[in-house]
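Numbering-wise (full-length UniProt numbering), the sequence shown opens with residue 1 and increments by one.
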Amino acid sequence: MPVATLLPFTATPNRKSAGPTSFRLTEKFILLLVFSAFITLCFGAIFFLPDSSKLLSGVFFHSPAVETNTRTGPDSGDSGSAGNDERVLAKIRKDHEKALLEAKDTLQKRPEELNQEIMNDKAKVAKDSMDQDGKDANNLPVVQYQRPPGATGHEPLDPETRDRRTKIKEMMKHAWDSYRRYAWGSNELRPVSKQGHSSNLFGDIKGATIVDALDTLYIMEMFEEFDAATDWVDKNLDFKVNAEVSVFEVNIRFVGGLLSAYYLSGKEVFRRKAVELGEKLLPAFKTPTGIPWALLNLKSGIGRNWPWASGGSSILAEYGTLHLEFMHLSKLSGNPEFAQKVMNIRKVLNRLDKPQGLYPNYLNPNSGQWGQHHVSVGGLGDSFYEYLLKAWLMSDKSDEEGKKMYYDALQAIETNLMRKSSSGLTYIAEWKGGLLEHKMGHLTCFAGGMIALGADGAPSDKTGHQMELAAEIARTCHESYSRTALKLGPEAFRFDGGVEAIATRQNEKYFILRPEVIETYMYMWRFTHDPKYREWGWEAVQALEQHCKVEGGYSGIRDVYASTPNHDDVQQSFYLAETLKYLYLLFSDDDHLPFDHWVFNTEAHPLPTPKKKSTCENL
Ligand code: DMJ
């Protein structure tokens, strides 16, 4: 038996600090030493202890030959006993030589060969334990796990960048340790009052921060914390709740977080939990059109829409932000239903007329007709556009329908919603029945990153133009930060009444640790390497440290124009999932979660973009 087959199948794979290659080799070498020492001891005992072979055969070994010998008892003659001892000794010698040869052979193999052997052994064990339909004990198909490139990175060479990256990791540690200390198992942390906090978006599902933070912990190589989080997920994450949840929020944070954790670590518990939760969400699609409800009771499977949403409509950014996760769920579960449900959403949308080519935010799931004609690239609309582009990228650019829908929509947005202020700031306004509201949300700032990400795939004469638009949006969003007292951006800012990039209404002046502006800096840095994006990111870090950091974690702020911060006492789970992750990547090299192998879901959970002909070719 090769030494490789003795290794535990659940060893944590490919970590920089304890990678499977070095870890397994070391482990094998130790095993080999122990095994050789043990055999040597046996030989010593056989040759030097009086009548030791009898002792051995009676106490340590239970081979049929030995058992036969001991059972014969006093009747058996000495000559027969000596013959049996000889046979046992010969067998031990033979096994020893064979094991030594196999071990020598194993040690001569290259790490990749050893890895492959381990993978094959794992697949074989999994195959042996599956039933006739090729499913494992959890009724999931056996999937040969392969880690996509760039799951962990390396220290940047430039000392300043390295220090800044280390600083972000310290911020993550403070946020995580505080959550662990004061709110472990709750959805979020109240960092000022130092206790747990639960929003009703997740019903009675617990642990939003744990699931949202898993992949950030992994990519920052905080493996002790990652293991604790994994253990919590394994033992405590429970979806059997009699409560109503937001289908969108649960999908982007929990399903997305679990999927990422699976793809980064290869741990089956995450695949199992993601599929289990995905199945719980399926009843949301039981509507006459198949456009899902916004809210779903996970126990009864009864859905409904937000009471405030235009005549019982479903919301574009909610039903349009399931595609990436559901395609992966189909792949990992072998159940095509997930993919069918999200492909049907596209069918419904493509049958409808679009005013000026725009997608209104409200759609009635019963009639299949638009509700109020309100269009936005911020709240209620945003991630629908993001998912069209990313669905195309995630399909290794084979999803032509997603591609066309994205570039057509972007053209309509540029024509109808994008404007320049009198001092030359480009912004994306909101559209209400043909009239523009000259307001841009913090949420809308993600569009700089999205447009940069898509620029390369646009018709060649538009690539440069789209990169310019992306850079202009990044600049506008940076202005929205630098025009405040605390150097953190408001929830929404306006371009009317003589102001530019400033919030004028009290209820738009808050900052809740949102990631979108930093997300755009990260994309712009990757595509341009213009140092200003790292500088802008660093400005945000300093402001976060100065105004949001408290002893018990990080808190949002009620008014970014006030000279001193008034904390809202919530550390949002997306602060760990998105804001800190995008900051870390901003100060990392480009080969950490490289864009040609990963796309980020709208909660910044990286999902692999399998190449055609690989194990995930149908995505
Ligand atoms: C996140 O949950 C996601 O980014 C979502 O798409 C929009 N809002 C928050 C962060 O601001």
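Positions of the beta carbon are idealized from the N, C-alpha and C atoms, including for glycine.
- Looking at the DSSP output, K135 shares a beta bridge with P141.
- Looking from the CA of G454, the closest CA among K404, T476, R419, Y319 belongs to K404.
- In the same chain as V348, and ignoring 5 residues on each side of it, the C-beta atoms closer than 7 Å to its own belong to T289, G290, I291, G368, in chain order.
- Secondary structure note for Q195: its beta strand (DSSP E) is the uninterrupted segment 195-197.
- Checking the 6 Å criterion, the Cβ of S199 is out of range of every heavy atom belonging to the ligand DMJ.
- By the criterion of a C-beta distance shorter than 6 Å, A183 is surrounded in its chain by L189, G196, once the five residues flanking it on both sides are discounted.
- Rounded to the nearest angstrom, the gap between the Cα atoms of Y575 and N361 is 26 Å.
- In terms of side-chain proximity, the C-beta atom of E491 is found no nearer than 6 Å to any non-hydrogen atom of the ligand DMJ.
- Cβ contact annotation for T484 (same chain, cutoff 6 Å, sequence separation greater than five): V560, Y561, in chain order.
- Three or more Cβ pairs closer than 8 Å define a contact, and the stretch 371-390 meets that threshold against the stretch 309-325.
- CA-CA distance, L157 to L586, rounds to 14 Å.
- By the 16-neighbour rule on beta-carbons within 10 angstroms, F446 is buried.
- The C-alpha of I428 lies about 7 Å from the C-alpha of T444.
- Secondary structure at R162: helix, using DSSP grouped into helix, strand and coil.
- In the displayed model, E500 falls within coil according to three-state DSSP, outside both helix and strand.
- Burial is judged here by how many other beta carbons sit within 10 angstroms of a residue's own beta carbon; D382 has at least 16 and is buried.
- Look at L282 here: in three-state DSSP terms it is helix.
- In this structure, H442 places its C-beta atom within 7 Å of the C-beta atom of E516.
- At a threshold of 6 Å, F574 counts as near the ligand DMJ, since its beta carbon sits closer than that to one of the ligand's heavy atoms.
- The stretch 490-502 and the stretch 459-474 do not touch, with fewer than 3 CB-CB distances between them shorter than 8 Å.
- E535: member of the alpha helix (DSSP H) spanning 531-543, first to last residue.
- Listed in chain order, the beta strand (DSSP E) elements of length 3 or more contained wholly in the stretch 200-277 are 244-246.
- DSSP places V570 outside both helix and strand once states are collapsed to three, so it counts as coil.
- Residue range 295-297 is occupied by the beta strand (DSSP E) that includes N297.
- At least one heavy atom of the ligand DMJ lies less than 6 Å from the C-beta of T602.
- Taking C-beta separations shorter than 6 Å and ignoring five residues to either side along the sequence, the partners of L322 in its chain run N251, V342, following chain order.
- Distances from the alpha-carbon of P355 to those of V142, E508, D408 put D408 closest.
- Closer than 6 Å to some heavy atom of the ligand DMJ: that describes the Cβ of S383.
- The beta-bridge partner set that DSSP reports for G303 consists of L296.
- Under DSSP, no beta-bridge partner is assigned to S367.
- Per DSSP, I473 is one residue of the alpha helix (DSSP H) stretching across 460-482.
- Scanning its chain for C-beta atoms nearer than 7 Å, with the 5 sequence neighbours on each side dropped, one finds around H547 the residues L486, L488, I557, P565, in chain order.
- Put simply, of Y533, S421, Y521 the residue whose alpha carbon is nearest the alpha carbon of D496 is S421.
- If you check the C-beta of R514 against the ligand DMJ, you find a heavy atom less than 6 Å away.
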